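Residue numbering for the sequence shown follows our numbering, beginning at 23 and increasing consecutively. Cβ atoms here follow ideal geometry from the backbone N, Cα and C, with glycine treated the same way. For clarity, every value in this text was computed on a predicted model and none was experimentally measured. These notes concern the structure reproduced below.
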Amino acid sequence: MQNLKSSDFHFICPERISNHAEGIEQYGIVVNLREGGGAAETINALLHAVYVREGLLCHWNLKGLNSSEAFVQEWLELTEDGKKWADVDFNLVVEQMPLLGWSCKNILLSTQEQARYSFLADL
């Protein structure tokens, strides 16, 4: 949170998903959207999450991270790189989306999709 700027409309954090029955530990990504962002900010946040996910799946060895400090450092580097790539590719993605039948305006989250993040409004 210390790295957030007033111009940021989202941040991404890891979520540990443990399956105690099978002894499997997995990680997910939580995208947190700030109130007041429009469609462009939402698309950028989701594109950022895509690049972070790609980094997690392709390049990250969680078993090699023996300490929480190493985990945090790797996570920060991964999210910074993902943000850079999202910013670089944003215009291309927005240009291509309508050509592929996707809407780039008025992105609305359903009540169910918003519910998980409702605690942010209470801060």
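Looking only at Thr101, Phe93, His32, Lys27, the smallest Cα-Cα distance to Glu76 is reached by Thr101. By the neighbour-count criterion, in which a residue is buried when 16 or more other Cβ atoms sit within 10 angstroms of its Cβ, Asn128 is exposed. Here DSSP, grouped into helix, strand and coil, assigns Cys80 to helix. Taking each of Ile34, Gln118, Ser29 in turn and checking the Cα distance to Leu68, the smallest one comes out for Ile34.
Secondary structure at Glu91: helix, using DSSP grouped into helix, strand and coil. In this structure Asn66 is buried. Its beta-carbon is surrounded by 16 or more other beta-carbon atoms within 10 angstroms. Around the beta carbon of Leu122, fewer than 16 other beta carbons lie within 10 angstroms, which makes this residue exposed. Under the three-state reduction of DSSP output, Phe33 falls in the strand class. Distance between Thr64 and Leu79, taken at the CA atoms: about 22 Å. When beta bridges are read from the DSSP output, Asn54 appears opposite Phe33.
For Val115, the closest C-alpha among the options Asp103, Asn54, Val72 is that of Val72.
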